[in-house]
Amino acid sequence: MTMLKNPAAKYRPFPPINLPDRKWPSQVITKAPRWLSTDLRDGNQALIDPMGAEKKMRFFDLLLKVGCKEIEVGFPASGATDFDFISGLVRNDKIPDDVAIQILTQSRRDLIETSFASLEGAKTAIVHLYNAVSPVWRKVVFGMTKDEIKQIAIEGAKVLRDQAAKYHGTDWVFEYSPETFSTAEVEYSVEVCAAVMDVLQPTPEKPIIFNLPATVECATPNVYADQVELFGRLIPNRDSVVISLHTHNDRGTGIAAAELGLMAGGDRVEGCLFGNGERTGNCDIVTVALNMYTQGVDPGLDFSDIDAIAKTVEYCNQLPIHPRHPYVGELVYTSFSGSHQDAIKKGFAAREQQNDETWEMPYLPIDPADLGRDYEAVIRVNSQSGKGGFAWVLEQDQGLKLPKKMQAHFSKHVQELADEVGRELFADDIWAVFQKTYHLNTPQHFQLMDYEETKAADGTRLFAGKIAVDDQEQSVSGRGNGLISSVVSTIGETFGVKLEVKDYAEHAMTAGSDARAAAYVECTGPDGKTVWGVGIDEDIATASVRAVLSAANAVAGR
-2 MTMLKNPAAK YRPFPPINLP DRKWPSQVIT KAPRWLSTDL RDGNQALIDP MGAEKKMRFF
58 DLLLKVGCKE IEVGFPASGA TDFDFISGLV RNDKIPDDVA IQILTQSRRD LIETSFASLE
118 GAKTAIVHLY NAVSPVWRKV VFGMTKDEIK QIAIEGAKVL RDQAAKYHGT DWVFEYSPET
178 FSTAEVEYSV EVCAAVMDVL QPTPEKPIIF NLPATVECAT PNVYADQVEL FGRLIPNRDS
238 VVISLHTHND RGTGIAAAEL GLMAGGDRVE GCLFGNGERT GNCDIVTVAL NMYTQGVDPG
298 LDFSDIDAIA KTVEYCNQLP IHPRHPYVGE LVYTSFSGSH QDAIKKGFAA REQQNDETWE
358 MPYLPIDPAD LGRDYEAVIR VNSQSGKGGF AWVLEQDQGL KLPKKMQAHF SKHVQELADE
418 VGRELFADDI WAVFQKTYHL NTPQHFQLMD YEETKAADGT RLFAGKIAVD DQEQSVSGRG
478 NGLISSVVST IGETFGVKLE VKDYAEHAMT AGSDARAAAY VECTGPDGKT VWGVGIDEDI
538 ATASVRAVLS AANAVAGR
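Sequential numbering of the sequence shown, starting at -2, is according to the numbering used here.
And the structure:
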């Protein structure tokens, strides 16, 4: 079997919705929807090894911590595991007063009755009824007519009504799904839902939830938005209806479909944290919520500690989260490309000068710190990286802010190491090659032991000190217009190492009583080649002396 040269012989394009006056393309999402987590039901049934009671309870607690107010906790008629977990939540008073748990049931009397029994004693509960309505299910799966399919929904709604009357003390909310909505005729889905409304009699104060599932994603997300908008126009008593969106990801656009569905009039989003679910997964609630957050909309969910949330989900689901998963993946805030790194580095530098909190950062649509991430992994270095990358790492790890020309000088040494090792370079790798290149904390030909600076009567500066040459200490002195020139003069006169200073920079590395400073000096040697020196010390003057000796060591080849 191979891919067909003419796929049209086997596959038919999904028919578009005739909605020439569609309104959703001009809408903007300005407020958070109601959220329903289906992790404990839809997500759980998609696992290789479904969660046991301990993992379900851990996940439930996580959802409460995140701020979910509606949680689908299972399919109680599926077996003892779900039934006992759900009834245990109620019996052991694990459900906060402002949280509604939801269960799912097919439209069969025995399953509905079992479902209500699992919820006995709950303060508030949502019972979610469904049956499939699309042509392929009617024809292939059930062999039923439209009227027969509609009657299944009507009979199920009657059982809901009667069971709710039987169990007093619970605030019952009803949800109905015309399952396979996205591949059904919208007008027929409305017909079935209207028949359910006739039985349950929702009101604006006590609305019914109609869930519109993209059970199998078979079209582009704009088609789903058209379906949602058309449903909202045609359903009677729209003010007594909550439209809930339940997208899947077969085409890879489940998140986009949910967002466009909200623009088209959806009130509620159903999905799983990080998009777990059958086949290619459900709508990813975290991504939809944080997409809103980056547009200045409070999603009403708290992902401040995204790594801890991901760790719990991975433990409960026994499924890894992809390293490039939006917002949570290990690498989603990381740039290896040199041009990206340079832009990000400039962005952070500009942010230090800002007078407000507006986030304007190249390549980072969200501040990782808002989700509990630090900036250490924003830039990582490999053979594809440029000078901005290692400069960022040195600044973050060591507090060094290399002058731009020095970055170019050091980049070739980093590139050589990256090519040699053939892997990502870590902070320790870069720091080690920096120390070696600029003669820091390595065996040195010239090493400062002690010095003092005095001002002569003619205004010049006198440098007098002790310098070890290959571990042999010598007393030296020299005169210049300033400290640096006096050191340069001393080295030239005493050791024959001629340097000409071209540029100098310095900065504090840390603040406080134990502050350290860094000095950088650009020089040309006797052969006219550029050399750089670096000095680090608690005293900025001493750091500058060390920087000149670092440059002298470069000329000496040590």
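The beta carbon of each residue, even a glycine, is placed where N, CA and C say it ideally should be.
| Item | Value |
| --- | --- |
| Unbroken alpha helix (DSSP H) runs of length 4 or more, entirely within the region 452 to 501: which are they? | 480 to 492 |
| Write down the C-beta distance between Thr291 and Pro362 rounded to the nearest angstrom, noting that I regard them as a contact closer than 8 Å. | 5 Å |
| Since Asp39 and Gly274 should fall inside the 8 Å C-beta cutoff, what is the C-beta to C-beta distance between them, to a whole number of angstroms? | 5 Å |
| So, do the region 267 to 287 and the region 246 to 256 have three or more beta carbon pairs nearer to each other than 8 Å? | yes |
| Just to confirm my understanding: we take Leu257, look at its own chain, exclude 5 residues before and 5 after, and list those with CB closer than 7 Å. What are they? | Trp21, Pro218, Asn219, Tyr221, Ala222 |
| With a threshold of 16 other CB atoms inside 10 Å of the CB of Ala564, please say whether the residue is buried or exposed. | Past the edges of the chain, shown from -2 to 555, lies residue 564, and the structure says nothing about it. |
| Assuming Leu270 contacts Ile252 under a Cβ cut-off of 8 Å, what Cβ separation, rounded to an integer in Å, is found between them? | Between Ile252 and Leu270 the Cβ distance is about 13 Å, and since that is not below 8 Å, they are no contact. |
| Going along the chain, which unbroken runs of the alpha helix (DSSP H) with 4 or more residues stay wholly within the region 258 to 318? | 282 to 290, 303 to 314 |
| So what does DSSP say about Tyr372, is it helix, strand or coil? | coil |
| Please state whether the Cβ-Cβ distance between Ala261 and Arg19 is less than 9 Å. | yes |
| Among the candidates Ala50, Ala424, Asp295, Gly118, whose CA atom is the shortest distance from the CA of Thr27? | Asp295 |
| State whether the region 41 to 59 contacts the region 317 to 332, with contact taken as three or more CB pairs (one from each stretch) at a distance under 8 Å. | no |
| Mind listing, in chain order, the continuous beta strand (DSSP E) runs of no fewer than 3 residues lying wholly within the region 109 to 193? | 121 to 129, 168 to 176 |
| Could you round the C-beta distance between Gln381 and Gly335 to whole angstroms and report it? I think they count as a contact, below 8 Å. | 7 Å |
| Does the beta-carbon distance from Thr167 to Lys203 come in below 9 Å? | no |
| What residues are listed by DSSP as bridge partners for Trp32? | Val266 |
| The beta strand (DSSP E) spanning Ala516 covers which residue range? | 514 to 521 |
| With a CB to CB cut of under 7 Å and the five nearest residues on each side skipped, what residues in its chain are close to Glu497? | Cys520, Thr521 |
| So what does DSSP say about Pro210, is it helix, strand or coil? | strand |
| Would DSSP call Ala74 helix, strand or coil? | helix |
| With a Cβ-Cβ cutoff of 9 Å, do Gln338 and Gly297 count as a contact? | no |
| Starting from Gln103, follow the beta strand (DSSP E) in both directions and report where the run begins and ends. | 97 to 103 |
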